[in-house]
Amino acid sequence: MSWDQGREGQYHQGQYHQGHDQQGQYHQGQYGQYPQQGYGYGYGYESGSVQQPDPYGHGEQPDPYGRAGQPQAYGEVSPEYTAAGGAPAAPHGWDPTAPPAPAEPDPGGDTAEQPLPAPEESAPRTGAGAGAQGRDRYFDALRAVALVRVVTYHTFGWAWAGLVFPSMGVMFALAGTLMAKSLERPALKVVRSRMRRLLPPFWFWGVFVVVAMLIHDWMPGWQIVFWIVPVGDPPGNQWGAQAWEILWYLRTYLWFVLLSPLLLRIFRRAPIPVLLLSLVPIVVFQYVWQPPYDRFGSALTDLATYGFCWLLGFAHREGVLQRLRPGPVVLASLAALACGGWYAFAQQAAAGTYDLDEIPLAQAFWSAGFVTLLMYFKAYYDVDFAWLARFRRLDRIVTIFNGRAVTIYLWHEIALVLAVPLIDQFWKVPAFEKWLPLESQWFMFGIGWLLIWIAVPLFGWVEDVAARKKPRLLP
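Residue 231 in this note's numbering is what sits at position 214 of the sequence shown, and the numbering runs on without skipping anything.
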């Protein structure tokens, strides 16, 4: 899924945005204009599916660098998409109390991370705060915050959210750190283990989405293979767009995993030059050559955007960051932040927003600067957040977020979709209509999280099965 499709669905000012190319509206009006009737089921899917004859499976795509027109209402198809027989573009933007039990031995001899790593896979502590279980609560806390930020952005669509916390850059850096650790073992075994941990939860989730789209008149072509191994964006129709739009992260993560044995060898030859040069491809894509509007181009754009963050994870694991002086690191980070922030606002008129998810170059530099500070702070001061153990409920929440990160990421958009018809029923109860803030986006946010927490014990056990561990309702 390319940048032109947007990164993360938005629910903003009464409109449930489908990334940056489609926005959801309830009935044909603003959210909350129908206090008597409720929201209805007009969140963009009831009109039926749109066949996608193009090879990419999602219809014609606009300019990936934010120069296309403004987004249309969610559930509506722009004239360009109608002419191409495609569906609206879909967005991106992957990766609590008693300390978790020690990880059970992996029969394959590997304990590396999932795309959004589970608690048993957290990077090891290296300082005095290291626990007997090898946990690092600093990374665990960052991962939990990143997931909360993703769900929040998908609900409210705040353009400034990525500036406050670039969650996907953080997730790729954490995954890169754990991948470098795992590659101390044979590379083939590590890659096989990653795919084993990633694919079963994806397949389980995908069965529900694919069957639902088939029921709604979708008939896939040969591209259905991407629902088996998502090295490219899996195809889908308009009805299921909000569900499969998030799969860009799994596709990008999978490519990073496949490339990591080679990337780590190159990185070790010249760590700092390789790290800095990893920002060159996104500059080339912006000013010299734009990748094509297909699965290949989407993958290239995402790899270029987050390549620095992945390699930064290597730098942390290899001890490169610890050897650097604070002054140059802070100055370089601030320079990257300034570059990314300036470019985002400079492109605001062309992109229609300063949202980093619309502007790959800005996203790459802002994420690079922000994540460098987070990772260097960890490396230089050996922060471990061991104090979380004193707050049992908070610590337990962090544990669940990490142990069920894949489940939360995959199911959160479906939870937000289902929140709409659920709240719609509340309008039929006079007491609910009178006393509950049914028009509030925050109320929908709460209902969405309620549904996510229901999905965690219902579906999260698949992550345990994928890791060859005893299935549990909660980690």
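Each residue gets a CB set at the ideal place from its N, CA and C atoms; glycine is no exception.
For clarity, every value in this text was computed on a predicted model and none was experimentally measured.
{"Check": "G11 versus G369: straight-line alpha-carbon distance, rounded", "Outcome": "Outside the displayed span of the chain (18 to 492) sits residue 11, for which this structure offers no information."}
{"Check": "Exposure of L467, with buried meaning 16 or more beta-carbon neighbours within 10 Å", "Outcome": "exposed"}
{"Check": "Proximal residues to R378 (C-beta, below 6 Å), its chain only, five neighbours per side dropped", "Outcome": "One detail in the question is off: residue 378 reads as Leu in this sequence, not Arg. Excluding positions up to five away in sequence, the list reads I299, Q303, Y360."}
{"Check": "Whole-angstrom C-beta distance between T169 and A178, which should lie under 8 Å", "Outcome": "7 Å"}
{"Check": "Through-space distance from A381 to A321, alpha-carbon basis", "Outcome": "8 Å"}
{"Check": "Outcome for G344 when other beta-carbon atoms lying within 10 angstroms are tallied against a minimum of 16", "Outcome": "exposed"}
{"Check": "Where D441 sits in the DSSP three-state scheme", "Outcome": "helix"}
{"Check": "Those runs of the alpha helix (DSSP H) which lie wholly inside the region 226–293 and span at least 4 residues", "Outcome": "258–261, 265–286"}
{"Check": "DSSP three-state assignment for D157, whether helix, strand or coil", "Outcome": "helix"}
{"Check": "C-alpha gap between Q259 and A349, whole angstroms", "Outcome": "37 Å"}
{"Check": "Touching by the beta-carbon criterion (3+ pairs, under 8 Å), the region 442–454 and the region 387–406", "Outcome": "no"}
{"Check": "Given A385 as reference, the closest of A355, L411, F402 once Cα atoms are compared", "Outcome": "A355"}
{"Check": "Extent of the continuous alpha helix (DSSP H) run through A483", "Outcome": "478–483"}
{"Check": "For S184, the nearest candidate out of R410, C326, G253 (CA to CA)", "Outcome": "C326"}
{"Check": "Coarse secondary structure for E456, derived from DSSP in three states", "Outcome": "coil"}
{"Check": "Test item: CB-CB of L328 and G193 under 8 Å", "Outcome": "yes"}
{"Check": "Contact check, A204 vs P278, beta carbons under 8 Å", "Outcome": "yes"}
{"Check": "Cα-Cα separation, Q365 to A176", "Outcome": "11 Å"}
{"Check": "Residue from D372, D374, G358 with nearest C-alpha to F387", "Outcome": "G358"}
{"Check": "Straight-line gap, R340 to Y393 (C-alpha atoms, nearest Å)", "Outcome": "10 Å"}
{"Check": "Option in L293, R282, A352, D374 with minimal Cα separation from E335", "Outcome": "R282"}
{"Check": "Exposure label - M236; buried when at least 16 CB within 10 Å", "Outcome": "exposed"}
{"Check": "Pick from D481, N419, K451, G463 that is closest to A163, judged by C-alpha positions", "Outcome": "N419"}
{"Check": "Under the three-state DSSP convention, the category E450 falls into", "Outcome": "helix"}
{"Check": "Pairwise C-alpha distance: Q458 and L267", "Outcome": "28 Å"}
{"Check": "Host alpha helix (DSSP H) of K198 (start-end)", "Outcome": "184–199"}
{"Check": "D412, DSSP secondary structure in three states", "Outcome": "helix"}
{"Check": "Neighbour-count burial assignment, L490, 16 or more Cβ in a 10 Å radius", "Outcome": "exposed"}
{"Check": "Cα-Cα separation between V246 and L216, rounded to whole angstroms", "Outcome": "7 Å"}
{"Check": "Inter-stretch contact at 8 Å, needing at least 3 Cβ pairs: the region 468–476 / the region 401–415", "Outcome": "no"}
{"Check": "Secondary structure of F418, DSSP reduced to three states", "Outcome": "helix"}
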